[in-house]
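One structure below.
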Amino acid sequence: MQTTVNAVLAGTLARTLGAQMIETHISWVLLAGDIAYKIKKAVRLPFVDYSTLATRQHFCEEELRLNQSLAPSLYLGVTRITGTPQAPGLDGPGPVLEYAVRMRRFAPGALFSEQLAAGTLHAGDADQLAALLAGFHALAPRADAVDGFATVERRRGSALAACDGTRPLAGNNDGEHALLRTWLQAEADRLAPLWSARRADGHVRECHGDLHLANVLSLDGQVAAFDCIEFDPALRWIDVLDDAAFVVMDFSASGRNDFAFRFLNGWLDRTGDHGSLPALRFSVVYRALVRAQVEHLRKPDSAAARHYLKTALNWTRPGEPRLLITHGLPGSGKTFASQGLLEQLGALRLRSDVERKRLFGLGMLEDSRSKGLDLYGADATARTYRQLFATARSALQAGYPVILDAAFLRRAERAQAHTLARELGVPFSIVACEAPLALLQTRLLARRGDASEADAAALELLRAQLEPLTDDERALVYPCVPLPTKA
228 MQTTVNAVLA GTLARTLGAQ MIETHISWVL LAGDIAYKIK KAVRLPFVDY
278 STLATRQHFC EEELRLNQSL APSLYLGVTR ITGTPQAPGL DGPGPVLEYA
328 VRMRRFAPGA LFSEQLAAGT LHAGDADQLA ALLAGFHALA PRADAVDGFA
378 TVERRRGSAL AACDGTRPLA GNNDGEHALL RTWLQAEADR LAPLWSARRA
428 DGHVRECHGD LHLANVLSLD GQVAAFDCIE FDPALRWIDV LDDAAFVVMD
478 FSASGRNDFA FRFLNGWLDR TGDHGSLPAL RFSVVYRALV RAQVEHLRKP
528 DSAAARHYLK TALNWTRPGE PRLLITHGLP GSGKTFASQG LLEQLGALRL
578 RSDVERKRLF GLGMLEDSRS KGLDLYGADA TARTYRQLFA TARSALQAGY
628 PVILDAAFLR RAERAQAHTL ARELGVPFSI VACEAPLALL QTRLLARRGD
678 ASEADAAALE LLRAQLEPLT DDERALVYPC VPLPTKA
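Each residue of the sequence shown is one higher than the one before, counting from 228 in the working numbering.
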């Protein structure tokens, strides 16, 4: 009965407001001018219970609270629907008939999913999303050990349930479903110690939980993410990696691995969470299966559902690890070259300028000189290279190509990297970057908003330390896109 009243009320209010009404499986959205009103349906489903007015009020308030961090200008408040079912109004006198989340209405084409389809999404948008999400995760509340969120058992069970939910998509091909199930089981066994350690170390936090690209948009020239999961805490109290992996997965499913790895590297640069990399494939596969299941429920056996299933299968395949190092003076284009390569290869990049600052407790854009720190002395440089090699080893063992974006001026440093590659049995290459001295100086003077603090004095010091590539090393130079010849 309440479901019927709830539906009639939504329709009547839409007519009263002259609003366009959009229906989803758990809500109605009324678009009235520059405002949108989101009314939750009076439903009780296996994954959500909005069956009473009190629960709908609670979840409207939760939706408002949870989305303030990632989309503060989009969510405006909770509106009371008052009056009578025959003549409803907003925030008027009399008893409350229903509640609605009041939001700004955004323009068609604002969603990342729409911009990708139109070819209008830019690399800078992926960078903005990485920065937004990293900042959000840094401040997100951490789960208590007793909460029971993101346990090994819960993670394994959720992934297998999502896999089983896609079983109808396999049709007569039982092999695909069996392969996925076997892979998930084996990976869950392998990752159990890492998941438990990350849970104990505070990586399980109150996250977004549904961060596909139709829940990310451009708003007022900035990136925002909305529609955080409010109806089930277990779906948002997750490892921070799972939020990031959702974005990686959806970029990948959209045929934009370049954006996927640009975003991932931006998030890792800011969080330093390289310890999560062994679990990345599992998280991407799980998120692809979730989307396949959702699309199948929306439209059985749809092309979208099958495509997400294919994405899941693709990510179960072993990676092709290789190690690349850059070589060159400050301003020679190492970061420019490595950016193009990481997008081309689907690689993880470790920047010495970023990791050096992290070792000293600084953010990537903080100025060490204002803190009185010496980040470029021999001891700091040795520590930085040790950290780069240790992190590279872990990432290579996880199956990813790795680019070490550092000067590698000395042959001994380059030999150490080559030795690491030989130990792990992966290909090794050098990305050689060179430019005339005048151009190096011009580029350093023009730098703004970059992790590197190298200036003209540092350039002169490092020029004296430069040991050119040997003939044997030149045979290892990786062919890449020519660097720009202008500042």
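Note that CB positions come from ideal geometry on N, CA and C, so glycine has one too.
Could you give the first and the last residue of the continuous beta strand (DSSP E) run that contains G304? Where G304 is concerned, the enclosing beta strand (DSSP E) starts and stops at 302–310.
Helix, strand or coil: which one does DSSP assign to Q571? helix
Where does D601 land, buried or exposed, given buried means 16+ other C-beta within 10 angstroms? Exposed is the call here.
Under DSSP, the beta strand (DSSP E) around H554 begins and ends at which residues? 550–554
Hey, would you say the C-beta of V517 is under 6 Å away from at least one heavy atom of the ligand NAD? You won't find the ligand NAD in this model; it holds no ligand whatsoever.
CA-CA distance, G652 and G604? Distance between G652 and G604, taken at the CA atoms: about 32 Å.
Tell me which residue opens and which closes the alpha helix (DSSP H) that F478 is part of. 467–480
Report back the beta-carbon spacing between L356 and V474 to the nearest angstrom; my notes put them in contact at under 8 Å. For a cut-off of 8 Å, the C-beta gap from L356 to V474 is around 7 Å, short enough to register as a contact.
Beta strand (DSSP E) containing V443: first to last residue? 443–446
For the alpha helix (DSSP H) holding G384, just list the boundary residues, first then last. Counting along the chain, G384 sits inside the alpha helix (DSSP H) bounded by residues 379–392.
Using 7 Å as the threshold, is the C-beta distance between V328 and R307 below it? no
In the DSSP assignment, what are the bridge partners of G316? Answer by DSSP bridge pairing, in chain order: T309.
For the putative contact between L689 and A634, defined by C-beta atoms under 8 Å, what is the C-beta separation to the nearest angstrom? 7 Å
For G310, does the count of other Cβ atoms within 10 angstroms reach 16, so buried, or fall short, so exposed? Here G310 is buried. Its C-beta has 16 or more other C-beta atoms within 10 Å.
Using the Cα positions of K584 and S529, report the straight-line distance between them to the nearest angstrom. Cα to Cα, the separation comes out at about 48 Å.
Which of the three DSSP states, helix, strand or coil, is assigned to D276? strand
Can you say whether F274 is buried or exposed, counting buried as having 16 or more other CB atoms within 10 angstroms of its CB? exposed
D580 - DSSP class collapsed to helix/strand/coil: Helix.
Mind checking whether A622 and L575 have CB atoms under 7 Å apart? yes
Residues that F655 bridges to, as DSSP identifies them: L550
Relative to the C-alpha of I253, which candidate in A452, Y264, A269 has its C-alpha closest? A269
Let's test the definition: count the other Cβ atoms within 10 Å of the Cβ of I266 and tell me whether it reaches 16, buried, or not, exposed. buried
Which partner residues does E325 have in the DSSP bridge list? I308
Taking only the alpha-carbon atoms, compute the straight-line gap between R369 and A662 and give it to the nearest angstrom. Using only the alpha carbons, I get a separation of about 47 Å.
For T611 and F563, what's the separation of their Cα atoms in angstroms? 21 Å
G429 classed as buried or exposed, judged by whether at least 16 other C-beta atoms fall within 10 angstroms: So G429 counts as exposed.
Taking just the CA atoms, how far does E593 sit from A625? Cα to Cα, the separation comes out at about 30 Å.
Would the stretch 433–446 and the stretch 326–341 be scored as touching if the rule is three or more Cβ pairs under 8 Å? yes
In angstroms, rounded to a whole number, what distance separates the CA positions of R578 and W464? 31 Å
Based on the DSSP output, what are the partners of M330 in its beta bridges? Paired residues: A263, Y302.
If we ignore side chains and look at the alpha-carbon of each, how far apart do L291 and L303 end up? 8 Å
In whole angstroms, what separates the C-alpha of A639 from that of E582? 20 Å
Among the residues of its own chain, which have a CB less than 7 Å from the CB of D682, if the five just before and after it don't count? L671
Hey, could you find the ends of the alpha helix (DSSP H) Q624 is sitting in? Under the DSSP assignment, Q624 falls in the alpha helix (DSSP H) whose first and last residues are 605–624.
Just tell me which of L297, P628, V521 has its CA closest to the CA of G546. P628
Can you have a look at T618 and say buried or exposed, based on whether 16 or more other CB atoms are within 10 angstroms of its CB? buried
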